[in-house]
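A.B. asks: Each residue of the sequence shown is one higher than the one before, counting from 4 in the numbering used here.
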Amino acid sequence: MKEAVEEVVRESSVLIDKEGLSNLYESVLKIAGFGLGGILYTAGKKAGNKGAVLLKDRLGVKGRDLIEAMVLAFEVGNWGKMKVESVNEELYRVTVTENVLVSSLEKRRKKPVCHPLAGYIAGFFELALEDKVQVKEQQCMGKGDSACVFEVKVG
Numbered sequence: 004m005k006e007a008v009e010e011v012v013r014e015s016s017v018l019i020d021k022e023g024l025s026n027l028y029e030s031v032l033k034i035a036g037f038g039l040g041g042i043l044y045t046a047g048k049k050a051g052n053k054g055a056v057l058l059k060d061r062l063g064v065k066g067r068d069l070i071e072a073m074v075l076a077f078e079v080g081n082w083g084k085m086k087v088e089s090v091n092e093e094l095y096r097v098t099v100t101e102n103v104l105v106s107s108l109e110k111r112r113k114k115p116v117c118h119p120l121a122g123y124i125a126g127f128f129e130l131a132l133e134d135k136v137q138v139k140e141q142q143c144m145g146k147g148d149s150a151c152v153f154e155v156k157v158g
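1. Taking Glu140 as part of the beta strand (DSSP E), name the residues at either end of that continuous run.
2. Can you tell me whether Glu9 is helix, strand or coil according to DSSP?
3. By the three-class DSSP mapping on this structure, what secondary structure does Met4 have?
4. Can you tell me whether DSSP reads Arg96 as helix, strand or coil?
5. Closest to Trp82 by C-alpha separation, out of Thr100, Val155 and Glu6, would be which residue?
6. Beta-carbon within less than 7 Å of Ala7's beta-carbon, same chain only, minus the 5 sequence neighbours each way: which residues are those?
7. Return the first residue and the last residue of the alpha helix (DSSP H) that Asn52 is part of.
8. Can you have a look at Ile42 and say buried or exposed, based on whether 16 or more other CB atoms are within 10 angstroms of its CB?
9. Name the two residues that bound the continuous alpha helix (DSSP H) containing Glu129.
10. On a Cα-Cα basis, can you pick out the residue from Leu130, Phe153 and Lys110 that is closest to Ser30?
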């Protein structure tokens, strides 16, 4: 499956310098503050859903296989390293290290700031599991934590 995901990412993505993207995100946070979180979450959710549709249609996968394809696409696209754990039927934990959005923030934040990534995970999981989810960032590299950890509640 990895080769197929790599092909989809190559055909459907653009190259953006990691540091440039992180600097852009830091500038957005400085200008807008935390009031922009809901908008960034919604934008990320739409992007996650579109990514899930693309992989589902191109690879013919669904459910947990589609979530596995998301992890591969995330890593192949150099967004960071992602690990998905099923805590139980209604709860997942997604851990992201080397998160490109916040890996080079100059200033540490008081609250989690990975709203677009939380939304992306939500959009992907909703299509893969065919159910509503709520995603909340529990730990954030932007706060100085070693990883960004998201809780995904299903239903």
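We put the CB at the ideal spot given by N, CA and C, even for glycine. Nothing here was measured: the structure is a model prediction, and the numbers come from that model.
C.D. replies: Taking the definition as stated:
1. Val136 to Gln142
2. helix
3. coil
4. strand
5. Thr100
6. Leu62
7. Gly40 to Leu62
8. exposed
9. His118 to Leu132
10. Lys110
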